[in-house]
Ligand code: MF3
Ligand code: CO
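Numbering (the working numbering), first residue to last: 181 to 536.
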């Protein structure tokens, strides 16, 4: 059979036809295979002047934080794609141009808003769109797709529905959704990392329509995920379900933490403390603050007309977080996996309506 021999590349040096078994180290890093093999150091050196141009000409992938103390195996995979455009016709939140959510800062510490029927109608619409976009993104999950490609799908599905993707330029966040893989707790930035068999990925979608935001996320399995990973995802889903089942007027915002932490710890998992659920309406993040851990001191009593999220982040190992130098990506401090589910909720007279 000639097939085995045919797989050995020919030396990339111009006038050399030798079998080539040495690969250019830069090409290895950038995952370039074409024209990257040489028969000898000699041919490699001779060709360098020409060869190196293919590193910059091709879509070179690189880790922007090569000296960073990563806690798990995941690496940032740059370059980020260019900023995606928003059609003029789409209504934008205040931070879309400036990066600064000024209205959120001005409202800080204010009372929890009670929405009227018209405002609730807009919340329902923003949340319906958010759910649709999340479903579209989830359907795109497969081995080999990059998180940037998922972001493109999310961006297009959002603007197709006349909505603005709330994450885009929120405190300068560069993309239209968050994609958080494996040890990433939340706020992962979509980049050139292809999904791999066995990954878990959280996709967090927020859509702004008619002046109101919806917010939802889910964690999805990529190919074959091990038993503990599947259990982590299932228990996290149950944590959210159990907390939602407790929502009704008169309950305190601080009460969800115990429900969530009891369920997580029963299965040997821990609860993230640095990131909480939040009020959501014309502001993306506002009062109340909704911790997911027990013995918290959150302020506020649930009343009809309140809109807020519950979005527990549950970890295989420790709950402590560690921020990447991009200022966004939060991973676990032990590099073990974390999962999350989120819904936007409306409090009714008797209980709760899941808007997403
Ligand atoms: N959607 C996230 C949440 O659940 C917030 C993302 S903010 C971003 O609250 F800037 F990171 F997109
Ligand atoms: Co949220």
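By construction, the Cβ of each residue, glycine as well, lies at the ideal position given by its N, Cα and C atoms. Note that the coordinates shown come from a computational prediction; the quantities given were computed from them, not determined experimentally.
Next on the checklist: Short of 6 Å in beta carbon distance, which residues of its chain neighbour residue 310, apart from the five on each side in sequence? Order them along the chain.
Outcome noted: For the purposes of this step, residue 310 is taken as the residue at position 130 of the chain shown. Cβ neighbours of residue 310 beyond the five flanking positions: 385, 387, 394, 396 and 536.
Item to check | Cβ pair count under 8 Å reaching 3, the stretch 477-484 against the stretch 296-315 | outcome: no
Item to check | Helix, strand or coil at residue 189 [DSSP, three-state] | outcome: Your numbering for residue 189 matches position 9 in the chain shown. Secondary structure at residue 189: coil, using DSSP grouped into helix, strand and coil.
Next on the checklist: Can you determine whether any heavy atom of the ligand MF3 sits closer than 7 Å to the C-beta of residue 388, and answer yes or no?
Outcome noted: Working through the chain shown from its first residue, we reach residue 388 at position 208. Flag unset: Cβ of residue 388 not near the ligand MF3.
Item to check | heavy atom of the ligand MF3 below 7 Å from residue 277 C-beta | outcome: Your numbering for residue 277 matches position 97 in the chain shown. Between the ligand MF3 and the CB of residue 277, the shortest heavy atom gap is not smaller than 7 Å.
Next on the checklist: I'd like the span of the alpha helix (DSSP H) that includes residue 298, first residue to last.
Outcome noted: By 1-based counting over the chain shown, the position of residue 298 is 118. That run of the alpha helix (DSSP H) goes 297-319.
Checklist entry - Could you give the distance in angstroms between the alpha-carbon of residue 185 and the alpha-carbon of residue 207? => result As a first step, residue 185 is located in the chain shown; it is residue number 5 there, counting from the start. As a first step, residue 207 is located in the chain shown; it is residue number 27 there, counting from the start. Residue placement at residue 185 is poorly supported in this model, since its pLDDT is 48, which falls under 50; the coordinates still yield a value, given next. Going from the Cα of residue 185 to the Cα of residue 207 covers about 22 Å.
Next on the checklist: Give me the pocket residues for the ligand CO, defined as CB within less than 6 Å of any heavy atom, sorted by chain position.
Outcome noted: 395, 458, 489, 491 and 522
Checklist entry - Over what stretch of residues does the beta strand (DSSP E) that includes residue 523 continue unbroken? => result What you label residue 523 is simply residue 343 of the chain shown in a count that begins at 1. Looking at the DSSP string, the run of the beta strand (DSSP E) that includes residue 523 is 523-527.
Item to check | Alpha carbon of residue 239 to alpha carbon of residue 452, nearest angstrom | outcome: Reading the chain shown from its first residue, position 59 is the one you call residue 239. Reading the chain shown from its first residue, position 272 is the one you call residue 452. Those two C-alpha atoms are separated by around 36 Å.
Next on the checklist: Distance check for residue 402 and residue 209, CA to CA, integer angstroms please.
Outcome noted: On the chain shown, residue 209 is found 29 positions in, with the first residue counted as 1. On the chain shown, residue 402 is found 222 positions in, with the first residue counted as 1. The alpha-carbon atoms of residue 209 and residue 402 are separated by roughly 24 Å.
Checklist entry - Helix, strand or coil: which one does DSSP assign to residue 532? => result Here residue 532 refers to the residue found at position 352 of the chain shown. It is a strand residue.
Item to check | beta strand (DSSP E) segment containing residue 393, residue limits | outcome: For this step, residue 393 is matched to residue 213 along the chain shown. From DSSP, the beta strand (DSSP E) with residue 393 extends over 392-401.
Checklist entry - Per DSSP, which one or two residues make a beta bridge with residue 199? => result In the chain shown, the residue the question calls residue 199 occupies position 19. Beta-bridge annotation (DSSP): residue 199 is paired with 190.
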